[in-house]
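>
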Amino acid sequence: MHWLPDLVFLDIETTGGTPLYDRITEVALIKIEGGEKTVVWEFLINPETPIPRQITGLTGISNEMVQNAPTFKDIAGDLFSHLQGMVLTAHNCRFDYGFLKAEFKRLGGTLRLQTLCTVKLSRRLYPHVTGHSLDAIMRRFNLHTDARHRGMGDTQLMLDFLEAAKQDLGSVKVLEAINYLLKGPTLPPWLDHTIIEKIQDVPGVYIFYDDGDLPLYIGKSIKLKTRVLNHFASDHKTVAEMEVSQKVRRIEYRETAGELGALLLEAKLIKQMQPAYNRLLRNVTKLFALRLSDQMNDLPWLRIVNVEDIDPESLDYTYGIFKTKKGAKDLIHKLADEYKICLKLLGIEKGHGKCFAHQVGKCSGVCVGQEKEPVKKSV
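Right, here's the structure in full:
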């Protein structure tokens, strides 16, 4: 492995797929420094919570096996010394890194590492190949292990994959791909990284799809590229965020003329497509806007409308985005006071007779059909 840069290859086994609730049951790593294996390290971990039967069926790690094993707290210091200053390399690295950060956070610490995902590396090196899981890579290169779904077995498979790719493509191409990924954006491993190169920092809407091409989540931003990158750079503070990150396989995006256009398109697409995680990832709140009449004799001239009820055809007559109806009314009152506009024409007051603003000398008289200069108060 003399051709490889300094990396630490790592694999963990867990009690489940959510770092907020599930815990690590095994850690294995191989440290490469100066092209040599300097550390080969592995531990079973007592997760301090029962291991589900289906997980034991997959990994072979049972409750009895970890009963007398050290806890993560017991091995955290040693593990941190092996990881510090290294590039963490794992297959579907976001999964392993997410669990490690969660475990260190429980101990009051913070783990920050540069990461390299071998799923992304496989996609970069073999873009036209279908399947980049460890099982698919094993079949592609005829690799073997007696410890699949165990820490050291899967860690060694990653090293075997890199060696096989070097034999197939040459070390220069593999190193170029590694360097590219280390400089690139943080994305879920199953995504085509070229999608980020296509998205621009313009207003619009993005849609995340799962492996069945069903919509997972729909969002909007005035800077699409930045928003998508920030979304995936999060530390997954909720189960829903982690699930979206793990399930997303494709991103679709649509540019709009501005922020209001993005907001309206987002609301429209959410209604049409019913994405699974929109209600789970954020509170649904009503937003309001002001819609100006396109006919002078169509009263009132201004109406407060729900954003979700706005048609794209009326965008030219729609202004502002307000979190509350009161915010929209406050602006109307300000306009009426500043430009001496009748509150009835603006839709704030109803009924017959003079509006209140006319009675106090702030309306020019349109409400009673006798427009005149407002009354001037004597000083």
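Residue 379, in the numbering used here, is where the sequence shown stops; the numbers in between run on with no holes.
Just so it is clear, CB atoms sit at the ideal spot from N, CA and C, and this is done for glycine as well.
Since the structure is predicted, the reported quantities are computational estimates derived from the model, not experimental observations.
1. What's the call for residue 221, buried or exposed, on a 16-neighbour Cβ count within 10 Å?
2. Span of the beta strand (DSSP E) holding residue 251?
3. Please classify residue 114: does DSSP put it in a helix, a strand, or coil?
4. Could you tell me if residue 19 is buried or exposed, where buried requires 16 or more neighbouring beta carbons within 10 angstroms of its beta carbon?
5. Contact defined as beta carbons within less than 8 angstroms: I believe residue 166 pairs with residue 82. What is the distance between those atoms, to the nearest angstrom?
6. Contact between the segment 42–55 and the segment 71–80 is defined here as three or more beta-carbon pairs at a separation below 8 angstroms; is this criterion met?
7. Buried or exposed: residue 92, going by 16 or more other Cβ atoms within 10 Å of its Cβ?
8. Ordered along the chain, which non-local residues of its own chain (more than five positions away) have a Cβ less than 7 angstroms from that of residue 177?
9. Can you tell me the Cα-Cα spacing of residue 208 and residue 68, whole angstroms?
10. State yes or no: is the C-beta of residue 318 within less than 8 angstroms of the C-beta of residue 260?
11. I'd like the ranges of any alpha helix (DSSP H) spanning at least 4 consecutive residues and lying wholly in the segment 122–157.
12. To test your reading of the DSSP string, which unbroken alpha helix (DSSP H) runs of 4 or more residues are found completely within the segment 50–107?
13. Return helix, strand or coil for residue 38, following the three-state DSSP convention.
14. With burial defined as no fewer than 16 other Cβ atoms inside 10 Å of the residue's Cβ, what is the status of residue 40: buried or exposed?
15. Tell me, please, which residues DSSP counts as bridged to residue 161.
16. Can you grab the Cα-Cα spacing for the pair residue 370 / residue 333, in whole Å?
17. Can you tell which of 204, 290, 265 and 107 has the C-alpha that lies nearest to the C-alpha of residue 255?
18. Residue 206 and residue 224 - do their beta-carbons sit closer together than 8 angstroms?
19. If residue 99 and residue 14 are in contact, beta carbons under 8 angstroms, what's the gap, nearest whole angstrom?
20. Any contact between the segment 21–31 and the segment 1–11? By contact I mean 3 or more CB pairs, one from each, below 8 angstroms.
21. Terminal residues of the continuous beta strand (DSSP E) containing residue 33?
22. Since residue 153 contacts residue 145 with CB under 8 angstroms, what's their CB separation in whole angstroms?
23. From residue 63 to residue 21, what does the alpha carbon distance come to, in whole angstroms?
24. Under a Cβ-count criterion, where at least 16 other Cβ atoms within 10 Å of its own Cβ denotes burial, should residue 267 be classed as buried or exposed?
25. Rounding to the nearest angstrom, what Cα-Cα distance links residue 433 and residue 129 in this structure?
26. Can you tell me whether DSSP reads residue 220 as helix, strand or coil?
27. Where does residue 324 sit, in a helix, a strand or coil, going by DSSP?
28. Rounded to whole angstroms, what is the Cα-Cα separation between residue 328 and residue 258?
29. I'd like the list of long-range same chain contacts for residue 174, defined as Cβ closer than 6 angstroms, with 5 residues on each side in sequence excluded.
30. Alpha carbon to alpha carbon, what distance is there between residue 194 and residue 140?
31. Cα-Cα, which of 199, 77 and 292 is closest to residue 108?
32. Going by Cα to Cα distance, which pick from 115, 270, 250 and 149 is closest to residue 57?
33. Would you call residue 323 buried or exposed, if buried means 16 or more other Cβ atoms sit within 10 Å of its Cβ?
34. With a 10 Å radius around its C-beta and 16 neighbouring C-beta atoms as the bar for buried, classify residue 283 as buried or exposed.
35. Starting from the C-beta of residue 16, find all residues in its chain whose C-beta is less than 6 angstroms away, skip the five residues before and the five after it, and write them out in chain order.
Considering the structure as presented:
1. buried
2. 250–255
3. strand
4. buried
5. About 24 angstroms separates the two Cβ atoms, so there is no contact after all.
6. yes
7. buried
8. 121, 124 and 125
9. 43 angstroms
10. yes
11. 134–141
12. 53–59, 63–66, 72–83 and 93–106
13. strand
14. exposed
15. Its beta-bridge partners do not exist; DSSP assigns none.
16. Reliability of the predicted coordinates at residue 370 is poor, the pLDDT of 44 falling under 50, and no value is obtained from them.
17. 204
18. yes
19. 6 angstroms
20. yes
21. 24–33
22. 5 angstroms
23. 17 angstroms
24. buried
25. The structure shown does not extend to residue 433, since the chain spans only 1 to 379, so no value can be given for it.
26. strand
27. coil
28. 20 angstroms
29. 165 and 166
30. 23 angstroms
31. 77
32. 149
33. exposed
34. With a pLDDT of 48 at residue 283, under the threshold of 50, the modelled position of this residue cannot be trusted, and the question is left open.
35. 22
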